[in-house]
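So the protein lines, in turn, are chains A and B. Numbering-wise, numbering that gives the first Met the number 0 puts 116 at position 117 of the first sequence, and it's gapless, one number per residue. Numbering-wise, numbering that gives the first Met the number 0 puts 17 at position 18 of the second sequence, and it's gapless, one number per residue. Every residue gets a Cβ at the ideal spot worked out from N, C-alpha and C, and that includes glycine. Shown next, in structure tokens, is the structure this report addresses.
Protein chains: 2
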Amino acid sequence: MGNGIVDDVDRALIAELQRDATQAYATLGKVVGLSAGAAHDRVRKLRERGVIRRTTVDVDPTALGRGVLAFVMVDSSAWMGDATESFAAIPEIQEAHIIAGTASVLVKVRTATTEQLQDVLRRLYLIEGVSGTQATVVLETFFERPVRAD
Amino acid sequence: MGNGIVDDVDRALIAELQRDATQAYATLGKVVGLSAGAAHDRVRKLRERGVIRRTTVDVDPTALGRGVLAFVMVDSSAWMGDATESFAAIPEIQEAHIIAGTASVLVKVRTATTEQLQDVLRRLYLIEGVSGTQATVVLETFFERPVRAD
DNA sequence: AGATCACACCGAACGGCATTCAGCCACCCT
DNA sequence: AGGGTGGCTGAATGCCGTTCGGTGTGATCT
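If you want it as structure tokens, here you go:
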């Protein structure tokens with residue numbers, strides 16, 4: 000998995016697709032100096048190799064009623080390495096990472112209201128080994144952008 | 000902007016598109032019980048309203064040489080509300096948020112190595128008003144998924 | 001009630017684009 | 001030199017995005 004090299008043309012293609020994945024392969028190819036067929040071939044291989052995981056849409060969280068964003072440091076009294084499913088089972092959690100430092104897990108949470116955020120914290124405490132949480136509410140998001148490709 | 004209501008069908012369409020934005024509108028319509036034309040119409044309106052911001056691709060950060068992920072709490076001695084551009088100018092920063100609490104800004108950083116992470120911290124200190132940083136390195140990512148649509 | 005309007009959907013038609021493929025070229029390995 | 005591999009071009013084909021006329025429904029106004 001993940002084999003093969005990602006060259007400059009691949010990176011340019013990825014950057015273009017991140018910007019707008021709906022554009023035609025002919026357009027895409029022109030940007031990097033390739034025919035439509037060649038561009039298509041490269042993108043197909045990038046997908047096969049798992050470099051491009053999927054094509055998706057970016058949505059406005061507020062429009063979906065997920066206007067409250069918070070990061071929560073989760074303290075634990077036990078090894079949390081196998082707790083993926085426990086965190087994934089809470090749908091309001093958008094990301095979960097094991098971290099180095101005093102806390103052991105960092106999660107990114109989106110809810111409609113702060114009351115719902117509180118309820119997520121309650122459900123976090125129900126996870127085996129969780130001994131504490133420290134929530135940080137986001138007041139304003141400067142930006143959220145794709146992984147840098149170039 | 001952001002006008003109009005997002006009903007259950009819209010949410011189902013968004014959820015499908017988040018899962019796979021390459022599928023045909025006929026398929027998409029079938030999932031929610033709509034014709035291809037109607038599905039296309041709803042998605043077009045969701046785009047116009049800004050509910051769907053863009054169509055993009057999800058990439059594997061490791062494959063692009065961005066294997067190191069860290070969250071950095073940035074302390075400041077001044078008002079940081081207008082510092083968007085300063086943070087955006089550092090390409091390794093993927094997200095930047097103003098937060099409530101002792102720190103004032105939280106940023107998500109992706110680099111190839113921890114040396115490069117250190118260099119990002121150095122550049123953060125160059126931003127006017129930044130008085131300190133506290134970096135938390137991610138050891139393992141459980142998951143990162145789209146905003147919940149349903 | 002009846003008339004008018006707005007809105008959402010369907011189904012068909014058109015044209016463009018994704019996808020495939022044969023042929024070609026450059027490079028590497030033996 | 002010869003054969004194999006990988007990547008590219010350009011063209012052909014068929015599917016799909018996109019548009020549009022027509023219909024049904026519910027709301028508003030007279």
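For residue i, decide whether its Cβ has a neighbour in chain A, counting only Cβ atoms nearer than 8 Å.
i              : result
E143 (chain B) : yes
E165 (chain B) : This structure gives no information on residue 165 (chain B), because the portion of chain B shown stretches from 0 to 149.
E91 (chain B)  : yes
Q17 (chain B)  : yes
E139 (chain B) : yes
R122 (chain B) : no
G1 (chain B)   : At G1 (chain B), the pLDDT of 45 sits below 50, so the modelled position is not reliable and the matter cannot be decided from this model.
F70 (chain B)  : yes
V31 (chain B)  : no
A62 (chain B)  : yes
Cβ atoms of residue j and residue i: under 8 Å apart, would you say?
i              : j              : result
I97 (chain A)  : V137 (chain B) : yes
D59 (chain B)  : R52 (chain A)  : yes
R43 (chain B)  : A148 (chain B) : no
G28 (chain B)  : A38 (chain B)  : yes
E94 (chain A)  : E94 (chain B)  : no
A134 (chain B) : V67 (chain B)  : no
R109 (chain A) : R65 (chain A)  : yes
V31 (chain B)  : V8 (chain B)   : yes
V73 (chain B)  : E91 (chain B)  : no
A69 (chain A)  : L116 (chain A) : yes
Cα separation between residue i and residue j?
i              : j              : result
S76 (chain A)  : G100 (chain A) : 14 Å
E47 (chain B)  : I4 (chain B)   : 13 Å
V56 (chain A)  : T54 (chain B)  : 4 Å
G1 (chain A)   : W78 (chain B)  : Interpretation of G1 (chain A) is limited by its pLDDT of 44, a score under 50 that renders its predicted location unreliable; the figure taken from the coordinates is listed afterwards. Taking the straight line joining both Cα atoms gives about 43 Å.
A88 (chain A)  : S130 (chain A) : 18 Å
L63 (chain B)  : T140 (chain B) : 16 Å
G128 (chain B) : A82 (chain B)  : 9 Å
V106 (chain A) : V146 (chain A) : 19 Å
D6 (chain B)   : R121 (chain A) : 29 Å
T132 (chain B) : A25 (chain B)  : 50 Å
G36 (chain A)  : T61 (chain A)  : 39 Å
Please confirm whether residue i has its beta-carbon closer than 8 Å to some beta-carbon of chain B.
i              : result
R43 (chain A)  : no
I51 (chain A)  : yes
I167 (chain A) : This structure gives no information on residue 167 (chain A), because the portion of chain A shown stretches from 0 to 149.
A25 (chain A)  : no
E94 (chain A)  : yes
T83 (chain A)  : yes
I126 (chain A) : no
A35 (chain A)  : no
T132 (chain A) : no
D6 (chain A)   : no
V56 (chain A)  : yes
V73 (chain A)  : no
What residues in its chain sit with their C-beta under 6 Å from that of residue i, if we drop five residues either side in the sequence?
i              : result
A14 (chain A)  : A148, D149
I126 (chain B) : S85
Q22 (chain A)  : none
S103 (chain B) : S75, M79
Q17 (chain A)  : P145
Looking only at its chain, what residues have a beta carbon closer than 7 Å to the beta carbon of residue i, apart from the 5 residues adjacent to it on each side?
i             : result
S34 (chain A) : G28
For residue i, collect the residues of the same chain with a Cβ closer than 8 Å to its Cβ; drop the 5 residues on either side in sequence, then sort them by chain order.
i              : result
T113 (chain B) : V67, V136
L45 (chain A)  : V5, D9, L12, I13, I51
For the ligand GDP, is there any heavy atom lying closer than 7 Å to the beta carbon of residue i?
i             : result
S34 (chain B) : Within the structure as shown, the ligand GDP is missing, as the structure has no ligands at all.
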